[in-house]
Structure formats: C-alpha cells, structure tokens
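Engineer: Attaching a single structure in structure tokens format; questions to follow.
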C-alpha cells in the first residue's frame with residue numbers, strides 16, 4: 010500500500026512540474042583585480058581574481074535562479090555564492106558556499122487580485138530596489154538569510170497599480186528564556202506594505218514590527234524596520250530620458266530599553282536620491298546618500314556624480330565617476346571624529362552582446378581621518394577588469 014501511495018504522489022508531483030514552464034536566470038561576475046595601498050608611508054599591494062562591483066564578500070558573484078511558472082501559480086528560487094567568516098582558531102580561509110536567497114511558492118486568485126506566497130520569501134514588492142541600497146524586510150539585513158513567511162497581497166481591480174499586503178513571518182530576535190509567549194506574539198513581527206504605481210509616480214513603503222516580548226534582557230538585533238521607494242515618473246513624461254527617484258531603509262526604531270547583547274542597538278536610517286539623464290549619446294547622473302546613526306550619533310553624507318559617453322550605438326561607453334563622503338561622530342564631546350574620502354573612477358565599458366559585457370575600471374581614493382588625538386591620511390588605488398555574464 011505504501012508503495013502505491015508513493016507512486017501516486019510521484020505521479021502527482023511529476024504531473025504538476027510537467028505543467029509548469031521552466032525559467033533559468035542568473036549572472037556570473039568575475040575578473041582581475043589589483044590594489045595598491047599607502048597607509049602612513051607603508052605601501053602594500055595584492056592581486057586576485059575578483060569582480061568588485063556588488064560582489065559582496067565572495068570572489069565576485071555567482072547567482073542563479075530556477076523558476077517554475079504556471080498559468081497563475083509557480084515556484085521561484087534563487088541561489089548565490091556567499092562568504093562566511095571563520096573563527097580565529099581556524100588556519101584556513103573563510104568558507105565560500107552556495108546559499109538560498111529565497112525559495113517560495115505563489116498563487117494568484119480571483120482574477121489576479123490576490124496573491125499568496127509562502128516559503129523563504131524574497132523579491133519583496135515593497136523593497137528599496139537599489140541600486141546603491143537594496144534592502145528587503147522579509148530577510149535578515151545586510152545579506153542575511155531569508156526567514157520563513159506567508160505573504161498576502163491584494164491588488165484591487167478598481168484602483169490600478171495599487172498593492173496592499175502583509176507578511177506573517179518567523180521572528181528574527183531571541184526572546185528571554187523566562188518570557189511567556191502568547192498567541193498574539195506570532196503577529197508582532199509582521200510586515201505591512203503598500204505599493205502604488207502608475208504613469209505619473211511610483212510609491213512603495215513597508216514596515217516590519219518587533220515583538221514587545223523582546224525585552225531589555227533579550228538579544229534584540231534590529232528592532233522595528235522600514236523601507237521605501239519613490240519615483241517621479243511624471244518628470245520622464247515631461248523630459249524624455251530624465252528620471253528622479255529615491256529610496257531608504259532604517260532599523261532600530263522603538264528599541265529604547267532593549268539591548269543587542271553587547272550594548273545599545275546601533276540603529277540608523279539611510280536615504281538615497283538618484284538623478285539620471287540618459288539620452289542615446291551619453292549618461293549623466295548624480296547619486297547622493299545620507300546615513301544617520303541616531304543611537305551612535307554618527308552622520309555620513311555621500312555624493313557621487315558621473316558622466317559616460319556612448320559610442321558605436323552603445324557598444325562602447327567611456328566616462329568618469331567621482332565621489333566624496335563626509336562622516337561625523339559626536340557621541341563623545343571630548344572625542345569628536347571627522348573623516349572624509351574622495352575618489353576619481355574612470356571607466357571603459359564594452360557591451361559585447363545583450364548577455365555579456367567587460368569593464369576596465371581604475372579608482373584613486375584619498376582617505377582622511379581626524380579626531381582630537383589622531384590624524385591619519387592614506388590613499389588607495391585599484392584596477393579591475395570586470396566580466397559579467399547574465400542569463
């Protein structure tokens with residue numbers, strides 16, 4: 010009997026998978042990287058195989074997605090290469106593994122007005138969406154693993170472009186051992202979100218709550234968090250090829266009286282503003298970011314303009330990116346800290362085809378760090394040949 014049931018289950022699963030279309034997506038980033046540093050007249054250099062653009066801690070990045078798509082349901086999965094730090098007692102290098110970014114099933118019902126997703130969630134409809142800041146609420150921040158959750162989205166037909174939703178998910182923080190967990194605590198790490206997109210604007214906002222049971226003796230990691238993204242699409246209608254948008258992310262909200270196991274939660278808020286004008290002949294833009302570490306009393310302002318010319322029907326791009334950031338820390342009146350960095354980054358990009366491009370990038374960076382007792386100035390130079398294959 011068990012064999013018969015097993016065979017039937019296999020047939021059902023096989024029939025289910027056969028009814029789905031398979032989609033393979035991903036990217037492979039690699040290249041050659043060499044770096045020269047001068048710190049207080051001491052020079053160091055090293056080289057390795059690496060693509061340092063959005064590479065994370067691993068040697069470049071390998072990312073692959075396998076999606077099974079049906080008429081109104083499917084399964085979405087993505088894997089990526091990540092690096093994990095090992096303890097000081099280990100003599101060998103850090104571990105590099107393939108990890109799951111997300112894997113979840115979804116179904117659309119009632120004429121696609123409702124969408125239910127369950128599993129290790131990703132591809133949040135209310136994430137920040139990059140480019141400099143790409144954060145979601147359905148996972149642990151800063152590249153951490155996804156958490157199990159159930160996401161519900163409502164897309165009412167009478168308001169096109171509107172998406173209202175919430176997520177029930179596993180808690181991130183550990184509660185005190187003597188705490189009493191009640192039924193209501195299941196909902197207190199929920200996420201609520203709203204998306205509204207049309208031809209004139211796009212708006213996303215999400216908020217993740219933190220359980221009250223994560224009290225002063227709990228190892229609270231992030232507290233309440235939020236994300237947002239705003240796009241002024243009407244400007245693109247008025248000025249073709251011109252776009253302005255902003256995104257932001259914050260954590261550590263409503264964490265007064267809670268700890269991170271080693272002190273106050275280092276919460277902060279990040280905001281980015283993007284301005285881009287990109288006709289056929291060139292790309293001109295400005296990215297500015299501001300971070301406020303409101304528990305550590307630290308502020309950081311970053312400004313990055315860029316200009317690239319396009320040749321041979323966009324086969325060749327040549328241009329320059331520059332940047333400067335300023336940082337302040339006034340946590341202790343007798344130990345004010347100020348630092349600033351500026352860089353110049355010329356780049357040549359060769360678009361070989363729609364799936365493959367190569368970049369030749371050089372950057373010179375000047376670093377300055379000053380406090381009441383310390384003053385340091387140093388420089389960093391690096392050169393990177395990047396190869397990116399997407400599919």
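In the numbering used here, the protein residues as written are 10 to 400.
For every residue, glycine included, the Cβ atom is placed at its ideal position computed from N, Cα and C.
Is the Cβ-Cβ distance between residue 79 and residue 29 less than 7 Å?
Structural biologist: The residue labelled residue 79 in the question sits at position 70 within the chain shown. The residue labelled residue 29 in the question sits at position 20 within the chain shown. Yes, the Cβ-Cβ distance between residue 79 and residue 29 is below 7 Å.
Engineer: Between the alpha carbons of residue 148 and residue 154, how many angstroms are there, rounded?
Structural biologist: Locating residue 148 in the chain shown gives position 139, counting from the first residue. Locating residue 154 in the chain shown gives position 145, counting from the first residue. Answer to the nearest angstrom: the Cα atoms are 6 Å apart.
Engineer: I think residue 277 touches residue 261, with their Cβ atoms under 8 Å apart; what is that distance to the nearest whole Å?
Structural biologist: Within the chain shown, residue 277 is the residue found at index 268, counting from 1. Within the chain shown, residue 261 is the residue found at index 252, counting from 1. Indeed, because the Cβ distance is near 7 Å, the residues count as touching under 8 Å.
Engineer: Give every residue of the same chain whose Cβ lies closer than 6 Å to the Cβ of residue 34, excluding the five residues on either side of it in the sequence, and list them in chain order.
Structural biologist: By one-based count along the chain shown, residue 34 stands at place 25. So the list reads 74, once near-sequence residues are dropped.
Engineer: Here's the rule: buried if 16 or more other CB atoms are within 10 angstroms of the residue's CB, otherwise exposed. What is residue 231?
Structural biologist: As a working note, residue 231 is residue 222 in the chain shown. Buried.
Engineer: Under the three-state reduction of DSSP, which class applies to residue 394: helix, strand or coil?
Structural biologist: Position 385 of the chain shown, counted from the start, is the residue given in the question as residue 394. If DSSP states are grouped into helix, strand and coil, residue 394 belongs with the strands.
Engineer: In terms of residues, what are the limits of the alpha helix (DSSP H) holding residue 130?
Structural biologist: Looking up residue 130 in the chain shown gives position 121. Run containing residue 130: none; DSSP gives neither H nor E here.
Engineer: Counting Cβ pairs closer than 8 Å, one from the segment 201-208 and one from the segment 153-170, do we hit at least three?
Structural biologist: Verdict: yes, contact present.
Engineer: Counting Cβ pairs closer than 8 Å, one from the segment 232-244 and one from the segment 166-178, do we hit at least three?
Structural biologist: Counting Cβ pairs under 8 Å, fewer than three are found: no touch.
Engineer: Considering only residues of the same chain and omitting the five flanking positions on each side of residue 53, which have a CB-CB separation below 6 Å?
Structural biologist: Position 44 of the chain shown, counted from the start, is the residue given in the question as residue 53. Closer than 6 Å at the Cβ level, and outside the excluded window around residue 53, lie 46.
Engineer: Mapping the DSSP letters down to three states, classify residue 59 as helix, strand or coil.
Structural biologist: Your numbering for residue 59 matches position 50 in the chain shown. In this structure, residue 59 counts as coil in the three-state DSSP scheme.
Engineer: Tell me which residues share the same chain as residue 55 and place their Cβ nearer than 8 Å to its Cβ, disregarding the 5 neighbours each side in the sequence.
Structural biologist: Counting from 1 along the chain shown, the entry for residue 55 is found at position 46. Correct list, in chain order: 43 and 44.
Engineer: If you draw a straight line from the C-alpha of residue 386 to the C-alpha of residue 352, how long is it?
Structural biologist: Residue mapping note: residue 386 aligns to position 377 of the chain shown, counting from 1. Residue mapping note: residue 352 aligns to position 343 of the chain shown, counting from 1. Cα-Cα distance, rounded: 14 Å.
Engineer: If you reduce the DSSP assignment to three classes, tell me which class residue 142 lands in.
Structural biologist: The residue labelled residue 142 in the question sits at position 133 within the chain shown. Looking at residue 142 - three-state DSSP - the assignment turns out to be coil, as it is neither helix nor strand.
Engineer: With a threshold of 16 other CB atoms inside 10 Å of the CB of residue 288, please say whether the residue is buried or exposed.
Structural biologist: Position 279 of the chain shown holds residue 288. So residue 288 counts as exposed.
Engineer: Suppose you measure from the CA of residue 176 to the CA of residue 322; what does that come to, to the nearest Å?
Structural biologist: Indexing the chain shown from 1 puts residue 176 at position 167. Indexing the chain shown from 1 puts residue 322 at position 313. Approximately 45 Å, taken between the alpha carbons.
Engineer: Beta-carbon separation of residue 395 and residue 60 under 7 Å?
Structural biologist: As a first step, residue 395 must be located in the chain shown, where it is residue number 386. As a first step, residue 60 must be located in the chain shown, where it is residue number 51. Against a cut-off of 7 Å, the Cβ pair of residue 60 and residue 395 comes out as a contact.
Engineer: When the Cα atoms are used, what is the spatial distance from residue 439 to residue 106?
Structural biologist: Because the chain here runs from 10 to 400, residue 439 falls outside it and cannot be looked at.
Engineer: Ignore the nearest five residues each way along the sequence and tell me which others in residue 150's own chain have a CB closer than 7 Å to its CB.
Structural biologist: Numbered from 1 along the chain shown, position 141 holds the residue referred to as residue 150. Closer than 7 Å at the Cβ level, and outside the excluded window around residue 150, lie 144, 231 and 260.
Engineer: On the three-state DSSP scale, how would you describe residue 34?
Structural biologist: The residue labelled residue 34 in the question sits at position 25 within the chain shown. It is a strand residue.
Engineer: What residue range does the beta strand (DSSP E) around residue 220 cover?
Structural biologist: Within the chain shown, residue 220 is the residue found at index 211, counting from 1. It is not in any beta strand (DSSP E) - residue 220 carries neither H nor E in the DSSP assignment.
Engineer: When burial is assigned at 16 or more other CB atoms within 10 Å of the CB, is residue 58 buried or exposed?
Structural biologist: Within the chain shown, numbered from 1, the residue matching residue 58 stands at position 49. Residue 58 comes out exposed.
Engineer: Considering residue 245, what are the terminal residues of the alpha helix (DSSP H) in which it resides?
Structural biologist: Taking the chain shown and counting its residues from 1, one reaches residue 245 at position 236. Its alpha helix (DSSP H) spans residues 242-247.
Engineer: Report, in whole angstroms, the separation of the C-beta atoms of residue 281 and residue 213, which I expect to be a contact under 8 Å.
Structural biologist: On the chain shown, position 272 is the one that residue 281 refers to. On the chain shown, position 204 is the one that residue 213 refers to. Actually they do not touch by this definition, with Cβ atoms about 14 Å apart.
Engineer: When you compare the CB positions of residue 84 and residue 114, do they come within less than 7 Å of one another, or not?
Structural biologist: One-based indexing of the chain shown puts residue 84 at position 75. One-based indexing of the chain shown puts residue 114 at position 105. Yes, they are a contact pair.
Engineer: Under a three-way DSSP split, which group does residue 193 fall into?
Structural biologist: Taking the first residue of the chain shown as position 1, residue 193 is located at position 184. Looking at residue 193 - three-state DSSP - the assignment turns out to be helix.
Engineer: Measure the beta-carbon distance from residue 355 to residue 329 and round it to whole angstroms, keeping in mind my assumption that it falls under 8 Å.
Structural biologist: The count along the chain shown starts at 1 and reaches residue 355 at position 346. The count along the chain shown starts at 1 and reaches residue 329 at position 320. With 8 Å as the limit, residue 355 and residue 329 qualify as a contact, their Cβ atoms being about 5 Å apart.
Engineer: Between the alpha carbons of residue 314 and residue 286, how many angstroms are there, rounded?
Structural biologist: Start at 1 with the first residue of the chain shown, and residue 314 comes out as number 305. Start at 1 with the first residue of the chain shown, and residue 286 comes out as number 277. If I take the Cα positions, the gap works out to 12 Å.
Engineer: Along the chain, where does the beta strand (DSSP E) that runs through residue 171 open and close?
Structural biologist: The residue you call residue 171 lines up with position 162 of the chain shown. Note, residue 171: beta strand (DSSP E), 171-178.
Engineer: Pick from 215, 257, 400 and 374: whose alpha carbon is nearest that of residue 366?
Structural biologist: Working through the chain shown from its first residue, we reach residue 366 at position 357. Out of 215, 257, 400 and 374, 400 has the C-alpha closest to the C-alpha of residue 366.
Engineer: At the level of alpha carbons, what is the spacing between residue 292 and residue 392?
Structural biologist: Here the question's residue 292 lines up with position 283 in the chain shown. Here the question's residue 392 lines up with position 383 in the chain shown. Cα-Cα distance, rounded: 22 Å.
Engineer: Who are the Cβ neighbours of residue 335 in its own chain at under 6 Å, not counting the five residues just before and after it?
Structural biologist: As a working mapping, residue 335 is identified with position 326 in the chain shown. So the qualifying residues of the chain are 310 and 349.
Engineer: Which of helix, strand or coil does DSSP assign to residue 168?
Structural biologist: The sequence position of residue 168 within the chain shown is 159, counting from 1. Note: residue 168 maps to coil in three-state DSSP.
Engineer: Below 6 Å CB to CB, which residues in the same chain sit around residue 308 once its five sequence neighbours on both sides are set aside?
Structural biologist: On the chain shown, position 299 is the one that residue 308 refers to. Here the set comprises 301 and 337.
Engineer: Which of the three DSSP states, helix, strand or coil, is assigned to residue 369?
Structural biologist: By 1-based counting over the chain shown, the position of residue 369 is 360. Strand, per DSSP.
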